[in-house]
Amino acid sequence: MKKASNWSIVLLSIMLIGLQYRLWIGDGSYAQRWQLEKKIRLQVEENERLQARNVFLAAEVQELKQGMETVEERARHELGMIKRGETLYLLME
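Start counting the sequence shown at 0; every next residue gets the next number (numbering that gives the first Met the number 0).
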């Protein structure tokens with residue numbers, strides 16, 4: 000009777016350890032859940048940042064479609080273009 004009791008305790012202990020392992024370390028564990036929640040938070044932040052950038056770019060595209068002033072400003076700053084009759088003074092430090 001005592002041997003059967005010892006074996007059942009050992010078997011139940013092994014089952015408990017197996018369940019605890021899965022709960023804390025294995026697939027679907029708390030650690031994995033926390034890691035996935037962190038990834039979701041980071042992705043949401045990245046999506047918000049990209050959404051704000053998209054809104055800015057959409058406004059810039061709309062502005063480029065409507066007015067030549069923005070096109071002219073970009074040509075001056077990015078390409079170094081000047082109008083006829085203008086003189087460009089380049090100051091070096």
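For each residue, glycine too, the CB sits at the ideal point set by N, CA and C.
Keep in mind the model is a prediction, meaning the values are calculated, not measured.
Could you give the DSSP three-state label for Tyr88: helix, strand or coil? The sequence position of residue 88 within the sequence shown is 89, counting from 1. In this structure, Tyr88 counts as coil in the three-state DSSP scheme.
What are the boundary residues of the alpha helix (DSSP H) that Arg32 is part of? Translated into the one-based positions of the sequence shown, residue 32 becomes position 33. First-last of the alpha helix (DSSP H) with Arg32: 29-65.
Taking only three categories from DSSP, how would you classify Lys2? As a working note, residue 2 is residue 3 in the sequence shown. Three-state result, Lys2: helix.
Just to confirm, are Leu63 and Thr69 a CB contact at a threshold of 7 Å? Numbered from its first residue, the sequence shown carries residue 63 at position 64. Numbered from its first residue, the sequence shown carries residue 69 at position 70. Their beta carbons are under 7 Å apart, which means Leu63 touches Thr69 by this criterion.
Leu90 and Ile81 - do their beta-carbons sit closer together than 7 Å? By one-based count along the sequence shown, residue 81 stands at place 82. By one-based count along the sequence shown, residue 90 stands at place 91. Against a cut-off of 7 Å, the Cβ pair of Leu90 and Ile81 comes out as no contact.
If you run the structure through DSSP and keep just helix, strand and coil, what is Gly17? Stepping through the sequence shown from its first residue, residue 17 is reached at position 18. Helix at Gly17.
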